[in-house]
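Participant: Counting in full-length UniProt numbering, the sequence shown runs without a single skipped number right up to 564 at its last residue. Below you'll find the structure I mean.
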Amino acid sequence: MQAEFNLEYSSQYGGVPGQLLLVILDGVGLYRGCADGYDWNAFDLANTPNLDRLIAEAPVFLELKAHGSAVGLPSEKDMGNSEVGHNAIGAGRVFEQGAKLVNQAISSGAVFRGQTWHRLVENVKTNDSTFHLIGLLSDGNVHSHIDHLEALIRHLAIEGVRRVRVHALADGRDVNPVSYDFYLQKLERILDEVSDAGVDARLASGGGRMQITMDRYQADWEMVRRGWNTHVAGEGRGFTSAGEAVEVLRSENPGVIDQDLPPFVITGSDGLPVGPVNDGDSVVFFNFRGDRAIEISRAFSESDFDVFERTPNPEVLYAGMMEYDGDLNIPPLFLVRPPAISRTLSEYLVHNGINQLAVAETQKFGHVTYFWNGNNSVPFYATLEDCIEVPSENVAFDKKPEMKAREVCEEVIKDLETKAHRFIRVNFANGDMVGHTGSIEAAVQAIEVVDECIGRIEAGVQEAGATMVITADHGNLDMMREVDQGTGMTKLDVDGNPVVKTSHTLSPVPWCLVGGDADGFKINTSVEEPGLANIAATLLTLLGFIAPSDYLPSLVERIESVFD
């Protein structure tokens, strides 16, 4: 064990008996914002007897902040997300995250003084080639921000780059589900302005983020292949403008929301695509968040890539907005260095002899491993770290809202029966993935299945004499229709219909402690604004350790009379 990871044991308390289990209900917040009631909270509408009882009767229950500054985001208007949420839970401290780091790098000009930016610009100048910008077009600030894209475009014009092509993915997931037109119009104004300054700047391709390019955790490489064909080859259905593309595709797919729009390419008067990627071009993927940027980055940057045939496969200079995987160096070139997260909870635990298990289905497997471990994909101590990935199905989440919750549940129960690991962490993906579809009916079914699993796990916890902590990483299905910030009531569209909400929320998340020695703990009232980053120290307290001094304090403290 490395000396820097030595943890001091509590002199009077050896930790909860048996195993300690952390259950993360992904995307399940506690929204109570409407005084006159709110009819679109899937958690409230669902039949969840187990969670209702545990929240009401748990010896310790808290609401935790899971957005804005509590997870390292720029402002209190920024909703949390699974990436920063798991970073905070696993790290025990708050680190400035992607959006804030990129904001700082752009405002200071550091990004444009960097060697990578200089190489990208010089490459297109030397080759008289094209500078391509690919990414998610919105201001959701979860994966990207249109302001970052605008800054890059305008600086390319300042530096004398002659041709710029933008490949703009539709969001509809972290923003209003039907808002692509708004962002396209803003982008077109920016492109027109730099074109007036002498730059040939055009939109080249687009499509929904859940249809092309932005797969994650290798769940559906076909998405990435379609993205490659759309952005790089310029293959696909052609339109003379993005406005025409969106209008036609929506008319042909009634009810389709932005994230599911089919891919398209923009063609010129000759019928040819205006922006395929060619030899000698520069390409920047302008998303700052890593999980949905890694696969397309691999396709661009790996010479021995063999997941699908890249036809064509031009020689380009490629960079990400950030380094999306620091351990695997994906991609090798990037504009902004990501946060350096060290000394995570897992790293402390393995160096102090605590073996652990992480369980999730594919859609959230990287969150309980890579993001939990501080954006680290390599085990700290392989013999003490086990991970079980339950393969997700390639089925629309609203069509099968139970996803793989029951299979994930089975893996946890097996470990409780065998008592194989001292610490278990598990993520149920349903609340987030189904919440993003905007289907209130599916979201209700999703949380009901999760509740069923919680009931089964609780029984396993009691049988094993274990202790369970239940929490979430951010809100989502707690607000399935938009709320008017002025009135606090459900927001209506021009036809008087509730506006569908597919993005995360600003809601607090639950945190409750049950089983084992739960009755022997009380809320640590000295924690003034409890948040996700307080969870790591809390888990160490429950395991009988004294947390590192720079970790945010534990949410609980022992009731001395119970243990003395």
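Using N, Cα and C, we set each Cβ at its ideal position, and we do this for glycine too.
Glu-57 to Lys-364, Cα distance in whole Å?
Facilitator: Taking the straight line from one Cα to the other gives about 29 Å.
Participant: Would you kindly report the start and end of the unbroken beta strand (DSSP E) that includes Ile-424?
Facilitator: Looking at the DSSP string, the run of the beta strand (DSSP E) that includes Ile-424 is 423-428.
Participant: My understanding is that Gly-29 touches Asp-478, with C-beta atoms under 8 Å, so please give their C-beta distance in whole angstroms.
Facilitator: With a Cβ gap of about 4 Å, Gly-29 and Asp-478 count as contacting.
Participant: Which residue or residues does DSSP assign as beta-bridge partners of Asp-200?
Facilitator: BP columns for Asp-200 point to Arg-163.
Participant: Which class does Ile-212 belong to by DSSP, given the choice of helix, strand or coil?
Facilitator: If DSSP states are grouped into helix, strand and coil, Ile-212 belongs with coil.
Participant: Compute the Euclidean distance between the alpha carbons of Thr-245 and Val-265, then round it to the nearest angstrom.
Facilitator: Sequence inspection shows Ala at residue 245; the Thr mentioned does not correspond to that position. Going by the C-alpha atoms only, they are around 8 Å apart.
Participant: Taking the beta strand (DSSP E) that Thr-467 belongs to, which residues open and close that run?
Facilitator: 467-471 is the extent of the beta strand (DSSP E) around Thr-467.
Participant: So within the stretch 213-238, which uninterrupted alpha helix (DSSP H) runs reach at least 4 residues, ignoring any that extend past its ends?
Facilitator: Segments of the alpha helix (DSSP H) lying fully in the stretch 213-238: 221-231.
Participant: Determine the burial state of Ala-35: buried for a count of at least 16 other Cβ atoms within 10 Å of its Cβ, exposed for fewer.
Facilitator: In this prediction, Ala-35 scores a pLDDT of 49, lower than 50, which makes its location untrustworthy; the coordinate-derived value is nonetheless stated afterwards. It counts as exposed.
Participant: Bridge partners of Arg-343, per DSSP?
Facilitator: Per DSSP, none; premise fails for Arg-343.
Participant: Ignoring anything shorter than 3 residues, give me the beta strand (DSSP E) runs that lie fully in the stretch 385-423, in order along the chain.
Facilitator: Correct list: 385-390.
Participant: Please name the residue or residues paired with His-132 in a DSSP beta bridge.
Facilitator: Answer by DSSP bridge pairing, in chain order: Arg-165, Val-283.
Participant: Would Tyr-9 be called buried (16 or more neighbouring beta carbons within 10 Å of its own) or exposed?
Facilitator: Result: exposed.
Participant: State the start and end residues of the unbroken alpha helix (DSSP H) segment that holds Gln-462.
Facilitator: First-last of the alpha helix (DSSP H) with Gln-462: 440-464.
Participant: Are the stretch 330-343 and the stretch 525-544 touching, with three or more C-beta to C-beta distances below 8 Å?
Facilitator: No: fewer than three Cβ pairs fall under 8 Å.
Participant: Kindly indicate which residue of Asp-291, Met-79, Pro-314 has the alpha-carbon position closest to the one of Ser-301.
Facilitator: That would be Pro-314, whose Cα lies nearest to the Cα of Ser-301.
Participant: Determine, using beta carbons only, whether Gly-431 and Val-450 come nearer to each other than 8 Å.
Facilitator: Their beta carbons are under 8 Å apart, which means Gly-431 touches Val-450 by this criterion.
Participant: For the beta strand (DSSP E) containing Pro-510, name the first residue and the last one.
Facilitator: It spans 509-515 - the beta strand (DSSP E) in which Pro-510 sits, taken as one unbroken run.
Participant: Would you give the residue range spanned by the beta strand (DSSP E) that Glu-63 belongs to?
Facilitator: Residues 60-64.
Participant: Are there 16 or more other CB atoms within 10 angstroms of the CB of Leu-20, so buried, or fewer, so exposed?
Facilitator: So Leu-20 ends up on the buried side.
Participant: Figure out for me which residue from Val-16, Gly-326, Gly-236, Tyr-183 has the closest Cα to the Cα of Leu-136.
Facilitator: Measuring from the Cα of Leu-136, the nearest candidate turns out to be Tyr-183.
Participant: Taking a contact to mean a Cβ-Cβ separation below 8 Å, would you say Ile-447 touches Phe-61 in this structure?
Facilitator: Contact flag unset, no.
Participant: Tell me the DSSP secondary structure of residue 579 in three-state form.
Facilitator: Outside the shown range of the chain (1 to 564) lies residue 579, about which nothing can therefore be said.
Participant: Beta strand (DSSP E) containing Phe-264: first to last residue?
Facilitator: Note, Phe-264: beta strand (DSSP E), 264-266.
Participant: What is the residue span of the beta strand (DSSP E) that Arg-558 lies within?
Facilitator: Unbroken beta strand (DSSP E) run through Arg-558: 556-558.
Participant: Quick check: the stretch 78-90 against the stretch 495-509, are there 3 or more CB pairs under 8 Å?
Facilitator: Verdict: yes, contact present.
Participant: So, helix, strand or coil for Ser-75, using DSSP?
Facilitator: Residue state, collapsed to three classes: coil.
Participant: So, does the stretch 273-288 touch the stretch 304-319, judging by three or more C-beta pairs under 8 Å?
Facilitator: Flag = yes, the stretch 273-288 and the stretch 304-319 touch.
Participant: Just curious, the beta strand (DSSP E) that Val-23 is in, first and last residue?
Facilitator: Here the beta strand (DSSP E) through Val-23 covers 20-25.
Participant: Taking just the CA atoms, how far does Ile-89 sit from Ile-24?
Facilitator: Taking the straight line from one Cα to the other gives about 10 Å.
Participant: So, using beta-carbon positions, are Phe-371 and Met-321 closer together than 8 Å?
Facilitator: For Phe-371 and Met-321, no; Cβs fall outside 8 Å.
Participant: Which residue marks the beginning of the alpha helix (DSSP H) containing Gly-85, and which one marks its end?
Facilitator: From DSSP, the alpha helix (DSSP H) with Gly-85 extends over 82-91.
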